[in-house]
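**Q** First residue of the sequence shown: 330, per this note's numbering; consecutive thereafter.
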Amino acid sequence: MAYVGKGIVEEVRTGRKTPEQGLNLIKKEHVELTQQALQYSRLVAGLAAGVLQVAGGVAVCKLSAGIACATGGIALVQHGINGIYENGRNIIQRRTDTVGPLRSGYQEMAKALGGKASHGNVAYGVMEIALSVFGLTTLVVSRSAWRLYRYVRADMVPAYKKMGTILVTFELGVNVMNGELIWVELTKE
Numbered sequence: 330m331a332y333v334g335k336g337i338v339e340e341v342r343t344g345r346k347t348p349e350q351g352l353n354l355i356k357k358e359h360v361e362l363t364q365q366a367l368q369y370s371r372l373v374a375g376l377a378a379g380v381l382q383v384a385g386g387v388a389v390c391k392l393s394a395g396i397a398c399a400t401g402g403i404a405l406v407q408h409g410i411n412g413i414y415e416n417g418r419n420i421i422q423r424r425t426d427t428v429g430p431l432r433s434g435y436q437e438m439a440k441a442l443g444g445k446a447s448h449g450n451v452a453y454g455v456m457e458i459a460l461s462v463f464g465l466t467t468l469v470v471s472r473s474a475w476r477l478y479r480y481v482r483a484d485m486v487p488a489y490k491k492m493g494t495i496l497v498t499f500e501l502g503v504n505v506m507n508g509e510l511i512w513v514e515l516t517k518e
């Protein structure tokens, strides 16, 4: 920004641009940089969300002795790995259009059912939000619980009550981003 700003100031100083043109160029550059920073923040958040999904999926499988792997653990891991792949590749290659193998599978399934690739993207986004709700509402052992032989229902609380404000806020923010992506796909048609 400083280099661009100096260039614009120099053009105004030498008379190649009017002060109004220089101000408009600086405002335009500011908007572009803000959009780039926002896009990069979304990619980093997506990468972090992918890591947390993988960790959550592994935890679901481990803590349920494999019982909940089929209902949510494996899906969390798959979506997490796909999120890490897409966002990580987008960060490294400075792009925004990477489609991971899992999302591609959703797209191909939508096409096979007579829809469009965008329908697959919507299904992928809805599944992301559903997995988030699953993770937030899964019952976990409360901090105050103690076990004689086994934990009972009264010892369990929804996971969001143990997560803390920052993690719940992050999770909801990622859900909002997924909701925006779903909306974009739905309005694309």
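Beta carbons: idealized from backbone N, C-alpha and C, even for Gly.
Among R432, G449, T425 and R476, which has the Cα closest to the Cα of Q364?
**A** Within the sequence shown, the letter at position 35 stands for residue 364. When each option's Cα is compared against that of Q364, the closest is T425.
**Q** Beta-carbon separation of N450 and E514 under 8 Å?
**A** Here residue 450 refers to the residue found at position 121 of the sequence shown. Here residue 514 refers to the residue found at position 185 of the sequence shown. Cβ atoms of N450 and E514: closer than 8 Å.
**Q** Near I421, which residues of its chain fall below 7 Å by C-beta distance, leaving aside the five closest residues on each side in sequence?
**A** Your numbering for residue 421 matches position 92 in the sequence shown. Excluding residues within five positions, none has a Cβ falling inside 7 Å.
**Q** Name the two residues that bound the continuous alpha helix (DSSP H) containing V360.
**A** To locate residue 360, count along the sequence shown from 1; it is residue 31. Where V360 is concerned, the enclosing alpha helix (DSSP H) stretches over P348 to L392.
**Q** Can you tell me the Cα-Cα spacing of T494 and T427, whole angstroms?
**A** If you number the sequence shown from 1, residue 494 lands on position 165. If you number the sequence shown from 1, residue 427 lands on position 98. Their backbone Cα atoms lie some 31 Å apart in a straight line.
**Q** Based on the DSSP secondary-structure assignment, which residues constitute the bridge partners of V469?
**A** For the purposes of this step, residue 469 is taken as residue 140 along the sequence shown, with counting starting at 1. V486.
**Q** Would a C-beta distance cut-off of 8 Å place V406 and V380 closer than the cut-off?
**A** Within the sequence shown, the letter at position 77 stands for residue 406. Within the sequence shown, the letter at position 51 stands for residue 380. Taking 8 Å as the Cβ cut-off, V406 and V380 do not qualify as a contacting pair.
**Q** Name the residue from G395, A377 and M438 whose alpha carbon lies nearest to the alpha carbon of I410.
**A** Looking up residue 410 in the sequence shown gives position 81. Comparing Cα positions, the closest option is A377.
**Q** So, are the CB atoms of I403 and V455 less than 8 Å apart?
**A** Locating residue 403 in the sequence shown gives position 74, counting from the first residue. Locating residue 455 in the sequence shown gives position 126, counting from the first residue. No, these two residues do not count as a Cβ contact at 8 Å.
**Q** For T467, tell me which candidate among Y435, M492, Y453 and H448 has the shortest Cα-Cα distance.
**A** Sequence index remark: in the sequence shown, residue 467 carries index 138 (1-based). The candidate whose alpha carbon is nearest that of T467 is M492.
**Q** Considering just the uninterrupted stretch of the alpha helix (DSSP H) at K517, what are its terminal residues?
**A** By one-based count along the sequence shown, residue 517 stands at place 188. It spans T494 to K517 - the alpha helix (DSSP H) in which K517 sits, taken as one unbroken run.
**Q** For N353, count neighbouring C-beta atoms within 10 Å of its own C-beta (all shown protein chains included) and say buried if the count is 16 or more, exposed if not.
**A** The residue given as residue 353 occupies position 24 in the sequence shown. N353 comes out exposed.
**Q** Could you spell out the range, first to last residue, of the alpha helix (DSSP H) harbouring I420?
**A** Translated into positions along the sequence shown, residue 420 becomes position 91. I420 -> alpha helix (DSSP H) spans I403 to Q422.
**Q** Out of curiosity, what's the CA-to-CA distance linking P348 and G444?
**A** Position 19 of the sequence shown, counted from the first residue, corresponds to residue 348. Position 115 of the sequence shown, counted from the first residue, corresponds to residue 444. Rounded to whole angstroms, P348 to G444 spans 53 Å at the Cα level.
**Q** Rounded C-beta distance between P522 and L465? I'm assuming under 8 Å.
**A** Nothing can be reported for residue 522: it is not among the residues displayed for the chain, which extend from 330 to 518.
**Q** Does DSSP put Y478 in a helix, a strand or coil?
**A** Position 149 of the sequence shown, counted from the first residue, corresponds to residue 478. In the structure shown, Y478 sits in coil (DSSP, three-state: anything other than H, G, I, E or B).
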